[in-house]
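Data block below; observations after.
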DNA sequence: ATCTTAGTTTGGTCCTACCAAAAATGGAGA
DNA sequence: TCTCCATTTTTGGTAGGACCAAACTAAGAT
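Chains as they are written, first to last, in the UniProt record's numbering: chain E, 1 to 237; chain Z, 1 to 237.
What follows is the structure in structure tokens.
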């Protein structure tokens, strides 16, 4: 539904062009990574003016199907989850104007990760556990360096998103990281806080290893709630 | 990160225009719902050619900040979650070319809803329960009409997404509905299946009312797994 | 084979022009 | 005074041409 209304939408010369290019990209007729044909060639192919071709390229570019750097030949991109996230990013940013919106986004993250740690507690493999341990070790090693710690912190949570073996989740994680980061980096960091988070991660892993989803969820939740509280007080003070 | 590279991206006349219009929309200087100034006025305001103005409008339109129907004046849209979902829709569609992708998306839906029913079992209010009951009643009333039942089915799950009181979730629900629908409507429907689903919904509600998150999750999961299995067999047969 | 350089392609931007549909206008009729 | 219809004006959509500077190519020099 929605958008395939042929009724009200009479014309728009660029639409057929967009559709066909889109199809050619997805079908592989336009090879991924290869440059798009020159605009002047496309206008001959489609029998359209350069204006129209150009409009189509812009649209496809905004959808992530074409990567167009300023003065270079546009490059065909068969989209993956990351591409989509990237293209979606600018759109989502517009939503995060009020702190309420950021809170909603953060809450959804907490919701997701609660599910993730439950899942982890139930199904984590030896490899998953090993990954988590490695990530936590990296946490510990970076406690004294807040910038580095942030990286390892993100990485730890990233491991959680990879456990379900569904590429959508890592993409979501990238989204959260990128979208929340701007509202995050005002947060005060300190070795003390880093150590706190490190221990929280340890506790989460512990619950996962004991195959206790309720405990894992509880620890994760209090961990993330504390983080938010920290940010919130930073905002309002 | 990503995209604010001032390094490689030399110029692009439309970018400042996009940025300023974006800011004016978000700040409310350009009133939500009001028509955008005429292109010829904008080119005077920004001292840019119509080409550039037009490019900016297209870009903003693709981002959902402007709603431009074919021959009408573009309308300013201060984006809400729904707008974002709409704008994201076309992008996401490109990912769902293979059934594996659809499966991934569906799995993520199951993941989310498992969390939702747990949440419901723990925190659902009287009103939530009432909404669920009403939705289920609508299910029952529509059992004989598969088209109508589908609507009420979606509506039932929609109630779950509203329980956390976070506008992001209903938006996600809309996304799932819209994105999965095309791959869904090939599914065979029948009053028998409708009745099955109706009973599953009843069971979910039952578990929620008994405040038993594990049971609620289990019932929900088997409900959705069965639905997928049904679709899958339809595909491969 | 590598570097330099002259020539060609190509995207970015501006401009002019025209059309058809929308919106604004204004007047006729109730 | 209000409604409705016809006319004018505005406005978005598309076409085509022109020019520039940067990117690309190919030929020639080292």
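Glycine included, every Cβ here is placed at the ideal spot set by N, Cα and C. Bear in mind that the values here come from a model prediction, so they are computed numbers and not experimental data.
Q: Have a look at the DSSP bridge pairing and note the partners of residue 67 of chain E.
A: E/75
Q) In whole angstroms, what separates the C-alpha of residue 93 of chain Z from that of residue 61 of chain Z? A) Their Cα atoms are separated by approximately 18 Å.
Q. Using the beta-carbon count (16 or more within 10 Å), is residue 200 of chain E buried or exposed?
A. Label assigned to residue 200 of chain E: buried.
Q: Could you check which residue in Z/205, Z/118, Z/184 has the C-alpha nearest to that of residue 229 of chain Z?
A: Out of Z/205, Z/118, Z/184, Z/184 has the C-alpha closest to the C-alpha of residue 229 of chain Z.
Q.
Just to confirm the assignment, what range does the alpha helix (DSSP H) spanning residue 203 of chain Z have?
A. 191-209
Q) Which same chain residues, not among the five before or five after residue 211 of chain E, have their C-beta less than 8 Å away from its C-beta? A) 121, 122
Q) Under a Cβ-count criterion, where at least 16 other Cβ atoms within 10 Å of its own Cβ denotes burial, should residue 108 of chain Z be classed as buried or exposed? A) buried
Q. Anyone know if the C-beta pair for residue 117 of chain E and residue 22 of chain E falls short of 8 Å?
A. no
Q) Cβ of residue 55 of chain E versus every heavy atom of the ligand ZN: is any distance shorter than 7 Å? A) Of ligands this structure carries none, so the ligand ZN is not represented either.
Q: Give the residues of chain E in contact with residue 115 of chain Z, contact being defined as C-beta atoms less than 7 Å apart.
A: 111, 114, 115
Q.
Using the Cβ count rule (16 or more neighbours within 10 Å means buried), how would you classify residue 102 of chain E?
A. buried
**Q.** Coarse secondary structure for residue 37 of chain Z, derived from DSSP in three states
**A.** DSSP places residue 37 of chain Z in the coil class of the three-state scheme, outside both helix and strand.
Q.
For residue 97 of chain E and residue 26 of chain Z, which I take to be in contact (beta-carbon distance under 8 Å), what is that distance rounded to the nearest angstrom?
A. 6 Å
Q | Interface residues of chain Z facing residue 105 of chain E [CB-CB closer than 7 Å] | A | 168
Q: Quick one: which residues of the stretch 57-91 of chain Z get their C-beta closer than 9 Å to a C-beta of chain E? List them in chain order.
A: 58, 59, 61, 62, 63, 64, 65, 69, 70, 71, 78, 79, 80, 81, 83, 84, 86, 87, 88, 89, 90, 91
Q. Straight-line CA distance for residue 149 of chain Z to residue 142 of chain Z?
A. 5 Å
Q | Sub-8 Å separation of residue 202 of chain Z and residue 129 of chain Z beta-carbons | A | Contact: no.
Q) Taking Cβ positions, are residue 157 of chain Z and residue 113 of chain Z nearer each other than 8 Å? A) yes
Q: Within its chain, find whatever has a CB closer than 6 Å to the CB of residue 155 of chain E; leave out the 5 residues flanking it on each side and keep chain order.
A: Cβ neighbours of residue 155 of chain E beyond the five flanking positions: 135.
Q. Is residue 72 of chain E buried or exposed, if buried means 16 or more other CB atoms sit within 10 Å of its CB?
A. Label assigned to residue 72 of chain E: exposed.
Q: Run down chain E in chain order and give the residues with a C-beta less than 8 Å from the C-beta of residue 12 of chain Z.
A: Within chain E, the residues near residue 12 of chain Z are 70.
Q) Is residue 170 of chain Z buried or exposed, if buried means 16 or more other CB atoms sit within 10 Å of its CB? A) buried
Q. Residue 12 of chain Z by DSSP, collapsed to three states: which one?
A. coil
Q: Check whether the Cβ atoms of residue 239 of chain E and residue 190 of chain E sit closer than 8 Å, and answer yes or no.
A: Since the displayed chain E opens at 1 and closes at 237, residue 239 of chain E lies outside it and no answer follows.
Q.
I want to verify the contact list: residues of chain Z whose CB lies under 9 Å from the CB of residue 220 of chain E, in sequence order.
A. What residue 220 of chain E touches in chain Z: nothing, since even the nearest Cβ is about 12 Å away.
Q.
Please return the same chain residues whose Cβ sits closer than 8 Å to the Cβ of residue 52 of chain Z, not counting the five positions on each side in sequence.
A. 13, 14, 17, 43, 46
Q.
Closest to residue 64 of chain E by C-alpha separation, out of E/50, E/48, E/85, would be which residue?
A. Ranking the options by Cα distance to residue 64 of chain E, first place goes to E/85.
Q: Compute the beta-carbon to beta-carbon distance between residue 180 of chain E and residue 106 of chain E, rounded to the nearest angstrom, for a pair I have assumed lies under 8 Å.
A: 7 Å
Q) Which residue from E/49, E/204, E/208, E/195 puts its Cα closest to that of residue 140 of chain E? A) For the residues E/49, E/204, E/208, E/195, the minimum Cα distance to residue 140 of chain E belongs to E/195.
**Q.** Local Cβ density within 10 Å of residue 19 of chain E, reported as buried at 16 or more and exposed below that
**A.** exposed
(Q) Assuming residue 119 of chain E is part of the alpha helix (DSSP H), what are its boundary residues? (A) 99-123
Q.
So, for residue 215 of chain Z: in the same chain, excluding its five sequence neighbours on each side, which residues have a beta-carbon less than 6 Å away from its beta-carbon?
A. 207
(Q) So, for residue 144 of chain E: in the same chain, excluding its five sequence neighbours on each side, which residues have a beta-carbon less than 6 Å away from its beta-carbon? (A) 191
Q | Spatial neighbours of residue 176 of chain Z in its chain, beta-carbon cut-off 6 Å, leaving aside the 5 residues before and after | A | So the qualifying residues of the chain are 109.
Q. With respect to the alpha helix (DSSP H) encompassing residue 134 of chain Z, which residues constitute its N-terminal and C-terminal limits?
A. 126-141 is the span of the alpha helix (DSSP H), which, as asked, contains residue 134 of chain Z.
**Q.** Extent of the continuous alpha helix (DSSP H) run through residue 58 of chain E
**A.** 50-62
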